[in-house]
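Beneath this line is the structure, given in structure tokens, with notes to follow.
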Ligand SMILES: *[C@@H]1O[C@H](CO)[C@@H](O)[C@H](O)[C@H]1NC(C)=O
């Protein structure tokens with residue numbers, strides 16, 4: 001029985017770092033959250049997208065949603081292309097990796113689809129930055145299982161695809177996806193919390209004024 005370290009070293013030997021498609025895929029994975037965070041924060045500060053869409057925050061947010069979704073499809077395409085350029089490891093071929101792959105892809109997609117369904121399009125695609133705030137925090141499934149079902153679900157799909165193709169390079173790219181998403185969460189969560197805290201302060205001020213009016 002080989003030690004985990006030996007298996008890991010062996011897996012790394014099955015990653016072809018000379019393939020440009022590997023780097024391209026890694027770049028696309030990092031680009032997407034970077035892009036939407038830059039655009040969304042700029043929208044929050046300047047409302048440039050809302051203005052570009054004739055003052056409709058809703059339309060602007062939908063346009064950003066379509067863009068982010070398309071970038072996601074491109075990223076998935078580049079990932080699969082990178083995997084096809086990579087060597088297959090014998091340990092990742094067979095029934096067990098294949099069933100694990102299907103399970104991961106199924107659960108991953110379940111997380112992504114149900115959380116989109118819970119949040120709606122604007123809730124999923126950064127509506128907060130456009131001033132389209134949720135009435136209350138969403139707590140039902142899948143948010144009672146993980147705080148970031150979109151990110152972890154997507155990560156599971158990446159890992160499932162890596163196993164389906166039997167590619168150690170896919171496992172490495174999945175680790176990169178997870179790292180990028182964890183960084184994104186650290187960057188996004190305090191900002192969106194700030195947006196909602198601001199609304200709460202304004203609401204509190206609002207009711208304060210109403211109370212005075214009644215006096
Ligand atoms: C999450 O909520 C669903 C119902 O929406 C429930 O069936 C499930 O058991 C809950 N899971 C946890 C871990 O609380």
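Residue numbers (UniProt numbering): 1 to 215.
Ideal placement from N, C-alpha and C gives every residue a C-beta, glycine not left out.
Quick caveat, the model's predicted, so the values are computed rather than measured.
Practice prompt. Give the single residue among 114, 96, 31 and 8 whose Cα lies nearest to the Cα of residue 144.
Written response: Looking at 114, 96, 31 and 8, the one whose alpha-carbon comes closest to that of residue 144 is 114.
Worksheet entry | Cβ contact check for the region 84-94 and the region 52-65: 3 or more pairs under 8 Å | no
Worksheet entry | Pair within 9 Å by beta-carbon distance, residue 96 and residue 157 | no
Fill in: Close-in-space but distant-in-sequence residues of the same chain around residue 172 (CB under 7 Å, 5 per side omitted)
15
Discussion item. Using the three-state DSSP reduction, which class does residue 22 fall into: helix, strand or coil?
Written reply: helix
Discussion item. Can you list, in chain order, the residues of its chain with a C-beta nearer than 8 Å to that of residue 149? Leave out the 5 residues immediately preceding and following it.
Written reply: 111, 112, 114, 115, 142 and 143
Item to complete: Quick one: measure Cβ to Cβ for residue 64 and residue 49, integer angstroms, because I've assumed they're closer than 8 Å.
Response: 6 Å
Practice prompt. Below 8 Å on the Cβ atoms is my guess for residue 155 versus residue 178; work out the distance and round it to an integer in Å.
Written response: Their Cβ separation, rounded to whole angstroms, is 5 Å, which keeps residue 155 and residue 178 in contact under 8 Å.
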